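Here's the structure we're looking at; comments come further down.
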Amino acid sequence: MREKIIAANWKMNHLAEDLKKFFTELLAGYKAREEVSVVIAPASPYLARAAEMADGAERVFIAAQNMYCEKSGAFTGEISPSMVKDCGCRYVILGHSERRHIFGETDELIARKVKIALNYRLNPILCIGELLEEREDGKTEEVVSSQLNAVLPQLSPEEMLSVVVAYEPVWAIGTGRTATVEQAEEVHHLVRGIIGGAFGDEVAQRVTIQYGGSVKPENIDQLMAAPDIDGALVGGASLAAESFLRLINFKQ
Ligand code: 13P
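If you use numbering that gives the first Met the number 0, the sequence shown corresponds to residues 0 to 251, in order.
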């Protein structure tokens, strides 16, 4: 069975107090499930604190929301892979659509970040997804393929197995407009096919592909029932422990 991953991307939300409340409530209600990992991505000043709170909780891991692709040096405002690692993170979200579209990150930069994350034994959560106008122009496949093809040729099969792919259609992020299960499954199947084309079917069958974009307690069960949807990357509905716990406890 493929590992399922339910991840919270808090984006630029939650202060220390909120983090403490969240973890206290989460851990009070959390029961580890076989084959289901939980990942929480707070803003970077809180990574170490979050890792301390999660310490000892089975299959609960911390992710950074971003990092830079150099070891160290004169990069004011950035954080390095070793800092992410040092703070106790296992994962790092890379290429989120907000990084691509607000901060102008290119496929090339994202590919460099994925590569260096792997060198530091961090698991990248590589985000891909099309804009609304791209979907309406029938370009979803083209966009998703080119985002993946910027990264995949640089990876070995072993490295590919350490990468999580998150399909997040940009038009579904923070809009309340979830892709239908059919729309999401269609792209997930395509993504697995592209990975299969690059590394063979055996590798492709083992890669976790998350869906992101207005995931909430009301739609998690249907999404998780689709054959190629292996988890969720969640913004809004991950901020409160109660709703996030419901997502972790999706029905199988
Ligand atoms: P929402 O769940 O708020 O739509 O955000 C999705 C997202 O961007 C997760 O990375």
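A virtual CB, placed ideally from N, CA and C, is assigned to each residue, including glycine.
Remember, it's a predicted structure, so these values are computed and weren't measured experimentally.
Residue nearest to Ile-101 in terms of C-alpha spacing, selected from Ser-81, Gln-221, Leu-121 and Val-169: Val-169
Please state if the CB of Glu-34 and the CB of Lys-3 are separated by a distance shorter than 7 Å. yes
Are there three or more Cβ pairs, one per stretch, closer than 8 Å when the segment 110-119 is compared with the segment 86-94? yes
Collapsed DSSP secondary structure at Val-150 in the structure displayed: coil
Here's the rule I'm using: 16 or more other beta-carbon atoms within 10 Å means buried, otherwise exposed. How should Asn-65 be labelled? buried
Is any heavy atom of the ligand 13P found at a distance shorter than 6 Å from the C-beta of Ile-4? no
For Gln-244: DSSP bridge partner residues: First, the amino acid is wrong: residue 244 is Leu here, not Gln. Beta-bridge pairing links Leu-244 to no other residue.
Considering only C-alpha positions, which residue in the set Gln-182, Thr-177, Ala-171 and Ala-110 is nearest to Asn-148? Ala-110
Between Gly-72 and Glu-185, what straight-line distance do the alpha-carbon atoms span, to the nearest angstrom? 43 Å
Which partner residues does Gln-209 have in the DSSP bridge list? Ala-165
Could you tell me how far apart the beta carbons of Leu-160 and Val-202 are, in whole angstroms, since I believe they sit closer than 8 Å? 6 Å
Could you name the residues of the same chain whose beta carbon sits closer than 8 Å to that of Leu-46, not counting the 5 residues immediately before and after it, in chain order? Ile-61, Ala-63, Val-83, Cys-86, Gly-87 and Cys-88
Identify the residues that DSSP records as bridge partners of Phe-60: which are they? Val-38
Residue range of the alpha helix (DSSP H) that includes Leu-160: 156-160
Might you give, ordered along the chain, the residues of its own chain that have their beta carbon closer than 6 Å to the beta carbon of Gly-94, omitting 5 neighbours on each side? Ile-109, Leu-125 and Cys-126
I'd like to check one pair, Pro-41 with Pro-49: are the Cβ atoms closer than 7 Å? Per the sequence presented here, residue 49 reads as Ala, with Pro not at that position. A contact, by the Cβ cut-off of 7 Å.
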